[in-house]
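Participant:
Residue numbers (my numbering): 558 to 920.
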């Protein structure tokens, strides 16, 4: 049995999966349910002195596995979190991370009481890049528990922000927050689906989150919670290979139900065993050395397994240069003079019957 445990900022997690801040962590009852479903840690909705009132509606789909939202912070007040919600989770089965922000003054006001109420860790978050490091500093002055800072790919100087937050004392980084502003319009009414601009989360932002995690990993030796678009066990592996210590998710369990945690962990364990890995933590940062290598311009070579080919023809359809052909008998042909070695044909194959030479069928 493979070892899924990870250590985040000195705290041992039973597995790498963290329920990121969002609707599923709106209260103590919801958080307990997430722990029971298998989440190793849960981040509360962002706690501010006053409760927010969200517009109606404030969440909508935006493509497969992707959501838009116009949510604010928690619709429970800081007083309720400190006096009722957090203390009621004293017997929890996991690590409790209290999210707070959005200003240094609010963090200074709430960090100590949140820690005293039972939080194992803090995560500070703000939409204003200039507040990130001061919020970290305010939290570190108030508490002895670890402090994460959640960063945004919207910020043009992400690595400079990370560096300033680490200098201010951050124990780890959560990368990334939702992206935006974004927009969908109802074509029947001509109105914005959520009434205005919104924030994007889920599958659509995963490659951007991966980039942020990897850039941080290339520059800093720091714990990173990779958050943004994780939907499958293979996504968990991918984010860890990019440099994440642990992996946050919210859109996937929100859309698929909290059973997502148990199902993803079971598949993750199988994947590790199938690939001969004893510990997930051993895969952390595996991809980073390759990002330092120069790009290759050598022509691609392909492997093809006729037995697993379904004759769907996707590889032929996506070849912009007309280089790929599939005969009625199932023979795969490639015109090497026309092929530009883009690799898209192998990327779209649903069964991995067509793949780049050197890849395994599972990849």
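Using N, Cα and C, we set each Cβ at its ideal position, and we do this for glycine too.
By the three-class DSSP mapping on this structure, what secondary structure does residue 610 have?
Facilitator: Translated into positions along the chain shown, residue 610 becomes position 53. In the structure shown, residue 610 sits in coil (DSSP, three-state: anything other than H, G, I, E or B).
Participant: What first and last residue would you give for the beta strand (DSSP E) that runs through residue 756?
Facilitator: Start at 1 with the first residue of the chain shown, and residue 756 comes out as number 199. Here the beta strand (DSSP E) through residue 756 covers 755–759.
Participant: CA-CA distance, residue 918 and residue 909?
Facilitator: Residue numbering aside, residue 918 sits at position 361 when the chain shown is read from its first letter. Residue numbering aside, residue 909 sits at position 352 when the chain shown is read from its first letter. Because residue 918 sits at a pLDDT of 46, beneath the cut-off of 50, its placement in the model cannot be relied upon, and the point is left open.
Participant: With which residues is residue 569 paired in a DSSP beta bridge?
Facilitator: The residue given as residue 569 occupies position 12 in the chain shown. The partner list for residue 569 (beta bridge, DSSP) reads 564.
Participant: Starting from residue 602, follow the beta strand (DSSP E) in both directions and report where the run begins and ends.
Facilitator: Numbered from 1 along the chain shown, position 45 holds the residue referred to as residue 602. That residue, residue 602, is in no beta strand (DSSP E); it is neither H nor E in DSSP.
Participant: Restricting to Cα atoms, I'd like to know which of 754, 648, 641 and 606 is closest to residue 663.
Facilitator: The residue given as residue 663 occupies position 106 in the chain shown. Considering only alpha carbons, the answer is 606.
Participant: Between the region 695–712 and the region 622–639, can you find at least three pairs of beta-carbon atoms closer than 8 Å?
Facilitator: no
Participant: I'd like to know whether the C-beta atoms of residue 676 and residue 655 end up nearer to each other than 7 Å.
Facilitator: What you label residue 676 is simply residue 119 of the chain shown in a count that begins at 1. What you label residue 655 is simply residue 98 of the chain shown in a count that begins at 1. Result yes, Cβ atoms of residue 676 and residue 655 sit closer than 7 Å.
Participant: Roughly how many angstroms separate the alpha carbons of residue 780 and residue 625, rounded to a whole number?
Facilitator: To locate residue 780, count along the chain shown from 1; it is residue 223. To locate residue 625, count along the chain shown from 1; it is residue 68. The straight-line gap from Cα to Cα measures roughly 28 Å.
Participant: Tell me residue 576's beta-bridge partners as DSSP assigns them.
Facilitator: As a position in the chain shown, residue 576 is number 19, starting the count at 1. DSSP, once it has assigned bridges, lists 599 and 806 as partnering residue 576.
Participant: Below 8 Å CB to CB, which residues in the same chain sit around residue 925 once its five sequence neighbours on both sides are set aside?
Facilitator: Because the chain in this structure spans residues 558 to 920, residue 925 falls outside the shown range and cannot be described.
Participant: Which two residues bound the contiguous alpha helix (DSSP H) that contains residue 913?
Facilitator: Residue mapping note: residue 913 aligns to position 356 of the chain shown, counting from 1. Unbroken run through residue 913 is the beta strand (DSSP E), 911–913; no alpha helix (DSSP H).
Participant: Under 7 Å, do residue 998 and residue 569 count as touching if we go by C-beta distance?
Facilitator: In the structure as shown, the chain starts at 558 and stops at 920, and residue 998 therefore has no counterpart that could be examined.
Participant: Do residue 735 and residue 757 have their CB atoms nearer than 7 Å?
Facilitator: The residue given as residue 735 occupies position 178 in the chain shown. The residue given as residue 757 occupies position 200 in the chain shown. Taking 7 Å as the Cβ cut-off, residue 735 and residue 757 qualify as a contacting pair.
Participant: Rounded to whole angstroms, how far is the Cβ of residue 585 from the Cβ of residue 640, which I believe are closer than 8 Å?
Facilitator: Taking the first residue of the chain shown as 1, we reach residue 585 at position 28. Taking the first residue of the chain shown as 1, we reach residue 640 at position 83. Actually they do not touch by this definition, with Cβ atoms about 11 Å apart.
Participant: Locate the beta strand (DSSP E) running through residue 653, then write down its first and last residues.
Facilitator: Numbered from its first residue, the chain shown carries residue 653 at position 96. From DSSP, the beta strand (DSSP E) with residue 653 extends over 652–657.
Participant: Would you kindly work out how many angstroms separate the C-alpha atoms of residue 745 and residue 807, rounded to a whole number?
Facilitator: Here residue 745 is taken as the residue at index 188 of the chain shown, counted from 1. Here residue 807 is taken as the residue at index 250 of the chain shown, counted from 1. For residue 745 and residue 807, the distance between alpha carbons rounds to 30 Å.
Participant: I'd like to check one pair, residue 634 with residue 826: are the Cβ atoms closer than 7 Å?
Facilitator: Stepping through the chain shown from its first residue, residue 826 is reached at position 269. Stepping through the chain shown from its first residue, residue 634 is reached at position 77. It is not a contact, given that the beta carbons lie outside the stated cut-off.
Participant: Taking residue 668 as the reference, give the member of 750, 865, 604 and 877 with the closest Cα.
Facilitator: To locate residue 668, count along the chain shown from 1; it is residue 111. The option with the nearest alpha carbon to residue 668 is 604.
Participant: Among 902, 904, 893 and 867, which residue has its Cα nearest to the Cα of residue 886?
Facilitator: The residue labelled residue 886 in the question sits at position 329 within the chain shown. Minimum Cα distance to residue 886 is reached at 867.
Participant: Tell me the start and end of each unbroken beta strand (DSSP E) in the region 777–839 that is at least 3 residues and wholly inside, in chain order.
Facilitator: 781–784 and 803–806
Participant: Near residue 784, which residues of its chain fall below 6 Å by C-beta distance, leaving aside the five closest residues on each side in sequence?
Facilitator: For the purposes of this step, residue 784 is taken as the residue at position 227 of the chain shown. Cβ neighbours of residue 784 beyond the five flanking positions: 577, 731 and 805.
Participant: In its own chain, which residues sit with a C-beta less than 7 Å from the C-beta of residue 878, not counting the 5 before and 5 after it?
Facilitator: Counting from 1 along the chain shown, the entry for residue 878 is found at position 321. Excluding residues within five positions, the ones whose Cβ falls inside 7 Å are 895, 896 and 897.
Participant: Since residue 859 sits in a beta bridge, which residues does DSSP pair it with?
Facilitator: Walking along the chain shown from the start, residue 859 turns up at place 302. Note: residue 859 sits in a beta bridge opposite 913.
Participant: Could you spell out where the alpha helix (DSSP H) holding residue 549 opens and where it closes?
Facilitator: Since the displayed the chain opens at 558 and closes at 920, residue 549 lies outside it and no answer follows.
Participant: Measure the C-alpha to C-alpha separation of residue 623 and residue 907 and round it to an integer number of angstroms.
Facilitator: The residue labelled residue 623 in the question sits at position 66 within the chain shown. The residue labelled residue 907 in the question sits at position 350 within the chain shown. Roughly 21 Å between the two C-alpha positions.
Participant: Between the C-alpha atoms of residue 772 and residue 797, what's the straight-line distance to the nearest angstrom?
Facilitator: Residue mapping note: residue 772 aligns to position 215 of the chain shown, counting from 1. Residue mapping note: residue 797 aligns to position 240 of the chain shown, counting from 1. About 13 Å.
Participant: How long is the line joining the alpha carbons of residue 683 and residue 893, rounded to whole angstroms?
Facilitator: Residue mapping note: residue 683 aligns to position 126 of the chain shown, counting from 1. Residue mapping note: residue 893 aligns to position 336 of the chain shown, counting from 1. If I take the Cα positions, the gap works out to 52 Å.
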